[in-house]
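Numbering-wise, the sequence shown is residues 4 to 147 according to my numbering.
For glycine and all other residues, C-beta sits at the position ideal for the given N, C-alpha and C.
Just below is one structure, and these are the notes that go with it.
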Amino acid sequence: MSLPSGRRLAIDFGQVRSGIAISDALGMIATPLETIDTPKLLARIGELAREFDLHTIYLGLPTHLSGSEGESARLVRHFADQLVEQKIAPIFLVDERLSSKSAEQSKGMVERFGIDAVAAAHILDFALTGERNTGKRFGEAVNA
């Protein structure tokens, strides 16, 4: 099965700041886009949806190394529910364990885009790899 073309967006959600990354139109390459104050995030995603043909939104789900979820995961799930109501694109939660650690190793990118946007790009790259391996959207679907 082949996925339709269209950009994918990924979000590294934080209580204060959130990172955003976007793919190319073919869904092959993840690029950090920006770091934004979280209270402005929902509106910014709406703007990006109007600017790009968004195929899928991936939201990083923070889990402990054991796989269990804590308060941060609850906040992400709450934000995902808010995002679903906007009816922008299908939303999928993707394990973000170690995305910030991976981002820290990309010093030049971090200086240019901020660690949160680079972490979002790592989340998106993980999701895009999952898409290529499975032929379908990757992660846990968030339904209205």
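Self-check item: Boundaries of the beta strand (DSSP E) in which residue 60 is found, first to last residue
Solution: What you label residue 60 is simply residue 57 of the sequence shown in a count that begins at 1. Looking at the DSSP string, the run of the beta strand (DSSP E) that includes residue 60 is 57-64.
Practice problem: Would you identify the three-state DSSP class for residue 95, choosing helix, strand or coil? | Solution: Indexing the sequence shown from 1 puts residue 95 at position 92. Note: residue 95 maps to strand in three-state DSSP.
Practice problem: Assign residue 19 to buried or exposed, taking buried as 16 or more other Cβ atoms, counted over all protein chains shown, within 10 Å of its Cβ. | Solution: Taking the first residue of the sequence shown as position 1, residue 19 is located at position 16. So residue 19 counts as exposed.
Practice problem: Could you spell out the range, first to last residue, of the beta strand (DSSP E) harbouring residue 47? | Solution: If you number the sequence shown from 1, residue 47 lands on position 44. Run containing residue 47: none in the beta strand (DSSP E); it sits in the alpha helix (DSSP H), 44-54.
Quiz item: When the Cα atoms are used, what is the spatial distance from residue 17 to residue 56?
Solution: For the purposes of this step, residue 17 is taken as residue 14 along the sequence shown, with counting starting at 1. For the purposes of this step, residue 56 is taken as residue 53 along the sequence shown, with counting starting at 1. Near 25 Å, if we compare the C-alpha coordinates of residue 56 and residue 17.
Quiz prompt | Residue burial classification, residue 132 (beta-carbon count within 10 angstroms, cutoff 16) | solution = The count along the sequence shown starts at 1 and reaches residue 132 at position 129. Exposed: under 16 other Cβ atoms inside 10 Å.
Quiz item: So, using beta-carbon positions, are residue 49 and residue 89 closer together than 8 Å?
Solution: Counting from 1 along the sequence shown, the entry for residue 49 is found at position 46. Counting from 1 along the sequence shown, the entry for residue 89 is found at position 86. Yes, these two residues count as a Cβ contact at 8 Å.
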